[in-house]
Structure formats: C-alpha cells, structure tokens
Amino acid sequence: MIDKMIVEKLLSKLKSWYKSGEWWRNVDYTPFEIVVAIIVSQRTYYKQVIRFMETFRARYKSPEDVCEGSTDELIAVCRVVGMAERRAATIRELSRKILSVSGMKNFLKLSPEKARELLLSVKGIGEKTADMILVALFGSKYFIVDCNILRVLRRLGIIPTNIDIYRARKELEPFIPSEHRVFLHTSLVSLGQKICRPRNPACTACPLNKLCDYARKTVAHDQNFL
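Residue numbers for the sequence shown follow this note's numbering, so the first one is 365 and each next one is one higher.
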C-alpha cells in the first residue's frame, strides 16, 4: 500500500545506503553523450553501457558526426548493448532531429515541453526514456519507473504485481516530494541492479529488507535477517 509514511521510510533507509548520486553527474559526458547513454541504457546492464560509451565517444563527438558517419559503423558500435540496428536507427534519427533545431546548444534552450515533444517524435524513444533525458538535462522533477524499480516495488509489496511501469509512476509520484524523486529513482535502480536482482536477490544485504514482503517470506529464517 502506498502512503507518505512508507515513502519516508524508503528515503531514510536509502539515503544511508546510496551515496553515489545521479550517475550522469559522476561522468564527464557531454549533454549529447548523456542522451545517447540514456537511450542505450534501457534494459541494459550499466557495465555494457560504459563499454559502449567508451567506443561511441572515441568515434562520435556530436550529432553531426553521427549523421555524417556510416550506418554500418554505428550498428557495429551498438552491438555491445544489443538490439544494435534498432538502437543505431534511434541514435541516428535523434541526431537528425537535434540538427533540425540547429544543434545541441539550441536543443538545450528549448522548454522541457518542447524538448519532450521532439524526443517523443523519434522512433525508439518512449515516455520513460524521454522523461529520463529531461531529468538529466533539464532537472525536471519526475519519478521515473523502470523494470528494476518495478521489481523492487513489487517485492516490497508497495504495488500489486499486475501494475506496469506507467501505472506505478502515476500511483507513486504524488506521494514523493519533488525534491526526492530523482534520488529515489537512481537509488532504487542501483538497488535493483546490485541487490534486488531478478534471480537470487541478496535479501540479507538489502537496506530495505525489514520493509519487504518478499524478504520476510523467503529469508526470515536467516540469522542475518533477524
């Protein structure tokens, strides 16, 4: 069940556990590189994204470079993150859209609403990805739910198992103070990747295990959990 009290408990425990901050502030990526990294990060392990970005940055410095380069080369660069042809097409189309507003500097001068409209016009960029880009580049205060967060919330018992990422966001966002939404997103993503994994979750090491329905049912007998 969702209420302000459970949100406060989550924030309190996660603040003691998660110290990394937003990942896009911990790297020296340009705004264009941040956009590309977010696009390829969907359903992809962070390590793969880092490997991809090392190669991408060495070859492409701007949307112009992407548009001037060959499609086959971009597909080859994208293979490390999977769905290479689809992701290459998305990056290429986005680069063209950015150039249509005279480049990245002018894109960053758009209102968040106009920027979102442009992003959503690109095939392969959905609402979640667009909003994540707005959070990273414009400081928009959304609570974005991905598959990692959805899994954590379901196991905690905060949302039913039949709710999807869009419904989960709609249900939770009103209960999360706007200044904490980005932190809650990044910390829960990290928790889902490192601890609350799809298989073999490390419940005894989880900072939220005392709040978690799944942990109570599966590892309550473990002395480390008591």
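We put the beta carbon where it would ideally sit given N, CA and C, even for glycine.
Legend entry - Euclidean distance between Cα positions of Glu437 and Leu498: 28 Å
Legend entry - Every unbroken alpha helix (DSSP H) inside the segment 472 to 496 [4 residues or more]: 476 to 484
Legend entry - Any non-hydrogen atom of the ligand NAD closer than 7 Å to Ser551 Cβ: With respect to small molecules bound, the structure shown includes none, and the ligand NAD cannot be examined in it.
Inset, instruction - Inspect the beta-carbon positions of Ile311 and Ile366 and report whether they are closer than 8 Å. - result: Here the chain has residues from 365 to 590 only, and residue 311 is not among them.
Inset, instruction - Taking all protein chains shown into account, decide if Thr454 is buried (16 or more other Cβ within 10 angstroms of its Cβ) or exposed. - result: buried
Legend entry - Residue range of the unbroken alpha helix (DSSP H) whose run includes Leu572: Looking at the DSSP string, Leu572 is not in any alpha helix (DSSP H), and its letter there is neither H nor E.
Legend entry - Reduced DSSP secondary structure (H/G/I, E/B, other) of Pro562: coil
Legend entry - Given 8 Å, three or more beta-carbon pairs between the segment 451 to 468 and the segment 424 to 443: yes
Legend entry - Backbone CA spacing between Glu481 and Gln412 [nearest angstrom]: 29 Å
Legend entry - Supposed close pair Pro476, Phe502 - CB separation, criterion 8 Å: 5 Å
Inset, instruction - Can you tell me which of the three DSSP states Ile366 falls into? - result: coil
Inset, instruction - Could you tell me how far apart the beta carbons of Leu458 and Glu428 are, in whole angstroms, since I believe they sit closer than 8 Å? - result: Not a contact, Cβ separation roughly 13 Å.
Inset, instruction - Kindly indicate which three-state DSSP category Ile591 falls into: helix, strand or coil? - result: Given a span of 365 to 590 for the chain in the structure shown, any question on residue 591 remains unanswerable.
Inset, instruction - Below 7 Å CB to CB, which residues in the same chain sit around Ser542 once its five sequence neighbours on both sides are set aside? - result: Lys505
Inset, instruction - Could you have a look at Thr408 and say whether DSSP puts it in helix, strand or coil? - result: coil
Legend entry - Other residues of its chain near Ile559: CB distance less than 7 Å, five sequence neighbours each side excluded: Pro565, Ala566, Ala569, Cys570
Inset, instruction - Put Val444 into one of helix, strand or coil per three-state DSSP. - result: helix
Inset, instruction - Report yes if the C-beta distance between Cys576 and Arg519 is below 8 Å; otherwise report no. - result: yes
Inset, instruction - In the DSSP assignment, find the alpha helix (DSSP H) that holds Tyr530 and state where it starts and stops. - result: 529 to 536
Inset, instruction - Taking Val444 as the reference, give the member of Ser405, Ser434, Lys425 with the closest Cα. - result: Ser405
Legend entry - Below-8 Å beta-carbon distance, Arg545 vs any chain C residue: Of the protein chains in the structure, only one exists, and it is not chain C.
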